[in-house]
Amino acid sequence: MLYRYCYKLNRKLKSSSLGRKKVIHYTGCDHKKEANAAFLIGCYAIIYLKRAPEEIYRLLLTANTTYPPFRDAAYGTCSFNLTLLDCFFAVQKAVQYGFLDFSKFDINEYEHYERAENGDFNWIIPGKFLAFSGPHPKTRIENGYPHHAPEAYFTYFKRHHITTVIRLNKKIYDARRFTDVGFEHYDLFFVDGSTPSDAIVNKFLNICENAEGAIAVHCKAGLGRTGTLIACYMMKHYRMTAGESIAWIRICRPGSVIGPQQQFLVNKEPRLWVEGDVYRKKLKEKGSKHKASVTLILSGVDDISISDHRNKTSRKEDTELYSDEDDVGRLTQGDKLRVLKSKRQARSITSPLSVILQTSVQSSKTSKSGSAEIPIRTRSAAGNGNLRGPIHQRARKKRNALHQIRLMKLWYSQSSAAPFLQTCFICFKISCLLLFRINTALSLQKKPQNLLSLSFFPFIYLTYYACIVYTISVLLNVPSIFFNACLLFIKPVHSSI
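Residue numbers 1432 to 1928, in the numbering used here, belong to the letters of the sequence shown in order.
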C-alpha cells in the first residue's frame, strides 16, 4: 500500500499536464481511515521530502486532530497501542539503515510470495531476515489454507543466499530435509502466543550474529513468535525502540507481534540497547576477529553451546515429530492468525486495483517465481474472471466522461478567447444577406416581388459553410483561416447568382 501510494503520488507530481494543479490528499470521516491516510502522507514526506518525523506529526495534528493508535491482530482487549509517531520513526530508520529502498523494491514479487498459496513469506530486513509460515511434512490444503513442504522453499532460499533456518514452533517436519541440502537448521521452541526466555533470545541473537548468509525464521504462522525475536535483533543492532521495531515488522508483514509479546519487547529494550553498544564497541576493538570473540563471550556468560555435537543431538531428536493430532479440538493462536490472513487476502482479490494490475503481476510471476514446487495461482484461475465485466464498464464510463470534459473545456476556453471572431461572424451573415438581396434585385428588375423567394436558398447554402468555417477557426484560434475561407466561399456563390 505504501509503495503504491508513493508511486502514484510521484507520477502525478511529475506529470507535465498537471504541472499547474494541486494534488489534494483527503479521506472520509472514519477515524481509522484518517489514521491510515495520515500514515501514508507522512511516510511520503519522510521518504521523499526528507522531513523529520516530529515535524510531520505536528503538521498532521493541526485543528485539534487526533488519530487512533494501531493495535495487534489478536482478538480481545488491546493491551498495547502503537502510535503514528512510532510508525514515522520506523520508516525513517528503515531508510537510514537501508531496509527501505523503493528504487530496488519489486512490488510484483512481494505480492506474489506474500500469498499463502505461493509461500507466505516476507523480507523484514532485505538480505538478512525472512519471515515465513511454518512448513509441513507434505504440500496440502488444510481448512482452506495451503501448506508447503520444505522442498518448496529450496530454490528461492538458495537464490537469495539464505543459509540458516530457525524453527520456533513444535517439530512438524524433519529438520534433516533442510540440513541434507546444505542449510543450517536450529530449533528454539516456545509456546504459541507466549514470550521467549532470556536463554532463547540470547541463542537466537548468537545464531544470527554468526550466520554467513540470510536467515529464514518461522513459527506456525510466521507472525507472533517470529516477529518477536526479529524485533529483539533490530533493537540490539539498530538501536530501534520496541514501538519502532514492531511498526516496521508490521509494515513488512502485517499481523506480526501479538498480545503480551508487545510489552515483552518494551521491557527488553533497555537491556538490548546496552548489549548492542557493547557488541559494537567490541567490533571496533577486534576488527576482523569480532565474530570469534563475541561468540566466546556470549557462550561463556549464558552457558549456551551451539557446537556441532549439540546440533547433531538436536537433529537426532527431529525424528520425534509433532503431530497436528495433538491439537485436535482447539485452535492455537497461529491457526487463528492464518485464518485471519486468509480472509484478508481473499478480500484483497476483489479490489479493482488488484484486477487492473493482474496482467503485469502474472507476467512477472512466471519469470520470477524460480520454483516449480510452489504453484502460481492467478486471480483468473481462482474463478474471479467475472469481476472484469463491471470493472471494465466503470473504467470505460470514466474514460468517456473525461473525454467529454476535455472537449467542453476546449470549446469554452477557445470561444471565450475569440470574441472578435464571433463579431466577425455576425457581420459576415448580415453582409451576405444584403449582398444576395442586392444582386438578386438587380437581376430581377422586372419582378422585384420574387426577391425574397429567390435569395433564400443561396443564403442558406452560404450560411451552412460559414458555420463550418467559424467552428474550425474558433477551435484553432486562427483568425486568418476564417477570412481566407470566407473569400473562397463568397466568390463561387456570387458568380452563380
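Don't be surprised by glycine CBs; every beta carbon is placed ideally from N, CA and C. On a predicted model such as this, the values are computed, not experimentally measured, just so you know.
Inset, instruction - Flag this pair as touching only if the region 1550 to 1559 and the region 1501 to 1513 have three or more C-beta atom pairs under 8 Å; answer yes or no. - result: The region 1550 to 1559, when compared against the region 1501 to 1513, does not touch it at the 8 Å Cβ threshold.
Inset, instruction - Flag this pair as yes or no: are the beta carbons of G1565 and K1651 separated by less than 8 Å? - result: yes
Inset, instruction - Measure the alpha-carbon distance for K1605 versus T1626 and round it to whole angstroms. - result: Residue 1605 is actually Asp in this sequence, not Lys. Their backbone Cα atoms lie some 25 Å apart in a straight line.
Inset, instruction - Would you identify the three-state DSSP class for V1632, choosing helix, strand or coil? - result: helix
Legend entry - Cβ contact check for the region 1512 to 1526 and the region 1637 to 1654: 3 or more pairs under 8 Å: no
Inset, instruction - Tell me where the alpha helix (DSSP H) around Y1434 begins and ends. - result: 1433 to 1445
Legend entry - C-beta atoms of G1954 and V1688 nearer than 8 Å: The structure shown does not extend to residue 1954, since the chain is modelled only from 1432 through 1928, so no value can be given for it.
Legend entry - E1486 versus A1678: straight-line alpha-carbon distance, rounded: In a straight line, the C-alpha of E1486 is about 19 Å away from that of A1678.
Inset, instruction - Could you check the C-alpha separation between T1586 and D1461 for me, to the nearest Å? - result: 44 Å
Legend entry - the region 1572 to 1592 / the region 1542 to 1550 touching (three or more Cβ pairs under 8 Å): A contact exists between the region 1572 to 1592 and the region 1542 to 1550.
Inset, instruction - Pull up the distance between the alpha-carbon of L1492 and that of H1616, whole angstroms please. - result: In a straight line, the C-alpha of L1492 is about 48 Å away from that of H1616.
Inset, instruction - Pull up the distance between the alpha-carbon of S1791 and that of C1437, whole angstroms please. - result: For S1791, the predicted model reports a pLDDT of 36, less than 50, meaning its position is unreliable; a value from the coordinates is still stated below. The alpha-carbon of S1791 is positioned some 19 Å away from that of C1437.
Inset, instruction - Along the alpha helix (DSSP H) that carries F1585, what are the first and last residues, could you check? - result: 1585 to 1590
Legend entry - Spatially closest choice to F1501 from L1471, P1701, Y1488, A1466, by CA coordinates: For F1501, the nearest C-alpha among the options comes from A1466.
Legend entry - Straight-line gap, R1684 to Q1693 (C-alpha atoms, nearest Å): Approximately 15 Å between the Cα atoms of the pair.
Legend entry - Distance, P1557 Cα to K1439 Cα: Going by the C-alpha atoms only, they are around 24 Å apart.
Inset, instruction - Provide the residue(s) that pair with Y1479 in DSSP beta bridges, ordered along the chain. - result: None; Y1479 has no bridge partner.
Inset, instruction - Could you tell me if S1676 is buried or exposed, where buried requires 16 or more neighbouring beta carbons within 10 angstroms of its beta carbon? - result: buried
Inset, instruction - Measuring alpha carbon to alpha carbon, tell me which of I1472, K1712, V1596, L1449 ends up nearest A1642. - result: V1596
Legend entry - DSSP-derived helix/strand/coil call for A1645: The DSSP-derived three-state label of A1645 is strand.
Inset, instruction - Please classify Q1694: does DSSP put it in a helix, a strand, or coil? - result: Q1694 falls in the helix class under three-state DSSP.
Legend entry - Presumed contact (8 Å Cβ cut-off) between R1656 and F1621, rounded CB distance: 7 Å
Inset, instruction - Please name the residue, chosen from C1858, M1666, Y1434, that lies closest to E1540 on a Cα-to-Cα basis. - result: Y1434
Legend entry - Inter-residue CB distance, S1682 and A1647 (contact presumed, cutoff 8 Å): Sequence check: residue 1682 is Ile here, not Ser. Contact flag wrong, Cβ pair sits at about 19 Å.
Inset, instruction - Can you say whether K1443 is buried or exposed, counting buried as having 16 or more other CB atoms within 10 angstroms of its CB? - result: Counting Cβ neighbours within 10 Å, K1443 comes out exposed, since fewer than 16 surround it.
Inset, instruction - Identify every residue that forms a DSSP beta bridge with D1618. - result: Per DSSP, R1598.
Inset, instruction - Please confirm whether Y1664 and L1636 have their CB atoms less than 8 Å apart. - result: yes
Legend entry - Helix, strand or coil at N1553 [DSSP, three-state]: strand
Legend entry - Cβ neighbour criterion (16 or more within 10 Å) applied to R1571: exposed
Legend entry - Helix, strand or coil at P1577 according to DSSP, with G and I counted as helix: Three-state result, P1577: strand.
Legend entry - Sequence-distant residues of the same chain with beta carbon closer than 7 Å to L1471, five excluded per side: L1433, Y1436, listed in sequence order.
Legend entry - Span separating the alpha-carbon of G1816 from that of H1543: Legend: pLDDT at G1816 = 39, less than 50; position of this residue unreliable, no value from coordinates given.
Legend entry - E1716, buried or exposed, once every other Cβ within 10 Å from all chains shown has been counted against 16: exposed
Legend entry - Cβ shell of S1448 (< 8 Å), same chain only, five flanking positions each side left out: none
Inset, instruction - Taking all protein chains shown into account, decide if H1668 is buried (16 or more other Cβ within 10 angstroms of its Cβ) or exposed. - result: The residue in question, H1668, is buried, as its Cβ has 16 or more Cβ neighbours within 10 Å.
Legend entry - Inter-residue spacing [alpha-carbon to alpha-carbon] between P1499 and F1614: 44 Å
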